[in-house]
Amino acid sequence: MPVSFLSDDQALRYGRFVGDPTSEQLARHFHLDDADRAFIGAHRGDHNRLGVAVQLGSLRLLGTFLEDPAQIPASVTRFAGDQLAIDGSAELMARYCATKGRWRHGPRIRIHYGYRVFSDPGVAFRLHRFLYALCWTGTDRPSALFDAAATWLLEFKVMLPGLSVLERDIARVRTRVAAHVHRRLVDKLTSEQRTRLDTLVAVAEDGRQSPLDRLRDGPYLQSGPEISRAIDRLTEIRTFT
32 MPVSFLSDDQ ALRYGRFVGD PTSEQLARHF HLDDADRAFI GAHRGDHNRL GVAVQLGSLR
92 LLGTFLEDPA QIPASVTRFA GDQLAIDGSA ELMARYCATK GRWRHGPRIR IHYGYRVFSD
152 PGVAFRLHRF LYALCWTGTD RPSALFDAAA TWLLEFKVML PGLSVLERDI ARVRTRVAAH
212 VHRRLVDKLT SEQRTRLDTL VAVAEDGRQS PLDRLRDGPY LQSGPEISRA IDRLTEIRTF
272 T
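Numbering-wise, this note's numbering comes out as the position in the sequence shown, counting from 1, plus 31.
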């Protein structure tokens, strides 16, 4: 069954550039140290070296490679080109995008830098354990859990799975936690308490609301009658405890 709870903005940002990266993002994810330069320098041609540098930084920032490197902002290619002392970064990047060799670079970068894929053993289990703890101790919305999961994947160098894959995983974990919480709560109820709680959601044949719906309706005005109604409401609620 399809699961979708993300806003359009979240779906658009997942694994993609949305505008130019900030200067802090460029410095953090696209800075090339000596080890990076040695790895990049092993590739032939300025266009390949530039392309590998850009793909490496994209993986660090986004958690994935872009199917079309041409979508990478020009500020990124310039930043990488300046570090490699390569001129004409725009033209070289266009040349790189036209080569078939670029498809070999992604797996090579992933393996060299120790990134894992979502299907690797233990990855899903660890992510589920992280999400389970969040669901158990809080009431975060699915969209907030999605952002937390994406951050976790980046932190632990796991390439982002497909958007729908991650959505389904989060939905399954939330359902499992909700069922666990429900069992824990119900198991501690006596038969009398269960009967009383059942009456809370039962709607009388000639009624329009259940007692629970009615009790949810708090006072609206600051007046004597409303205060009296609130006290009666509290007294009735206490009969269910």
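In this text, a Cβ means the ideal position worked out from N, Cα and C, and glycines have one as well. The structure presented is a predicted model; accordingly, all values stated were derived computationally and were not measured.
**Q.** Closest Cα partner of T53 within the set A155, F70, E257 and L92
**A.** Of the listed residues, the one whose Cα sits closest to T53 is L92.
(Q) For R109 and D40, I'd like the C-alpha separation in whole angstroms. (A) Going from the Cα of R109 to the Cα of D40 covers about 27 Å.
Q.
Could you tell me which whole beta strand (DSSP E) segments of length 3 or greater appear in the region 174-206?
A. Scanning the region 174-206 from its first residue to its last, no whole beta strand (DSSP E) run of 3-plus residues comes out.
**Q.** Identity of the residue in A42, A111 and V85 nearest H136 by Cα
**A.** Ranking the options by Cα distance to H136, first place goes to V85.
Q) Which residue or residues does DSSP assign as beta-bridge partners of R147? A) DSSP lists V189 as partners of R147.
Q.
Less than 7 Å between C-beta atoms, sequence neighbours within five positions excluded: which residues of the same chain meet that for L97?
A. Residues S89 and I103 of the same chain have their beta carbon placed closer than 7 Å to that of L97, with the five preceding and five following residues left out of the count.
Q) Could you give the uninterrupted runs of the alpha helix (DSSP H) lying entirely in the region 91-131, keeping only those of 4 residues or more? A) Given a length threshold of 4 residues, each whole run of the alpha helix (DSSP H) inside the region 91-131 is given here in chain order: 105-114 and 120-128.
Q. A111: which of A129, W134, D67 and D99 sits nearest, CA to CA?
A. Per the C-alpha coordinates, the member of A129, W134, D67 and D99 positioned closest to A111 is D67.
(Q) Tell me which residues share the same chain as L243 and place their Cβ nearer than 8 Å to its Cβ, disregarding the 5 neighbours each side in the sequence. (A) Result list for L243: L231 and V232, in chain order.
Q.
Considering only the alpha carbon of each residue, which of L185, L246, R239 and P173 lies closest to S35?
A. When each option's Cα is compared against that of S35, the closest is P173.
Q | alpha helix (DSSP H) segment containing P256, residue limits | A | Looking at the DSSP string, the run of the alpha helix (DSSP H) that includes P256 is G255 to R269.
Q. Which same chain residues, not among the five before or five after L57, have their C-beta less than 6 Å away from its C-beta?
A. If the five residues before and after L57 are omitted, its C-beta is found closer than 6 Å to the C-beta atoms of F110, all from its own chain and listed in chain order.
Q | Touching by the beta-carbon criterion (3+ pairs, under 8 Å), the region 167-184 and the region 120-128 | A | In short, these stretches do not touch, since the Cβ pair count stays below three.
Q: Kindly indicate which three-state DSSP category G88 falls into: helix, strand or coil?
A: Looking at G88 - three-state DSSP - the assignment turns out to be helix.
Q) How long is the line joining the alpha carbons of L252 and D263, rounded to whole angstroms? A) Distance between L252 and D263, taken at the CA atoms: about 15 Å.
Q | Closest by C-alpha distance to L63, when choosing among D113, Q240 and R225 | A | Taking only the C-alpha atoms, the option nearest L63 is D113.
Q.
For the structure I just gave you, are there three or more beta carbon pairs, one from the region 159-177 and one from the region 202-210, closer than 8 Å?
A. Touching, yes.
Q) Given that a residue counts as buried once 16 or more other Cβ atoms are within 10 Å of its Cβ, and exposed if not, what is T95? A) T95 should be labelled buried.
(Q) To the nearest angstrom, how far is the alpha carbon of G46 from that of R215? (A) Per the coordinates, the alpha-carbon of G46 lies some 38 Å from the alpha-carbon of R215.
Q.
Rounded to the nearest angstrom, what separates T159 and T170 at their Cα positions?
A. According to the sequence shown, residue 159 is His rather than Thr. Taking the straight line joining both Cα atoms gives about 16 Å.
Q) In or out: R239 buried (at least 16 other Cβ within 10 Å) or exposed? A) Residue environment: R239 is assigned as exposed (fewer than 16 neighbouring CB atoms within 10 Å of its CB, all protein chains considered).
Q.
As a quick exercise: from A121, V217, A175 and V83, pick the residue whose alpha carbon is nearest that of S106.
A. The candidate whose alpha carbon is nearest that of S106 is A121.
(Q) Please return the same chain residues whose Cβ sits closer than 6 Å to the Cβ of R203, not counting the five positions on each side in sequence. (A) Nothing meets the Cβ criterion.
(Q) Can you list, in chain order, the residues of its chain with a C-beta nearer than 6 Å to that of M32? Leave out the 5 residues immediately preceding and following it. (A) Low confidence applies to M32: its pLDDT is 45, below 50, so where it sits in the model is not reliable enough to give any reading.
Q: Mind the definition here: the region 217-230 touches the region 188-199 only if three or more C-beta pairs lie below 8 Å; say whether that holds.
A: The count of Cβ pairs closer than 8 Å, one atom from the region 217-230 and one from the region 188-199, stays below three, leaving the stretches out of contact.
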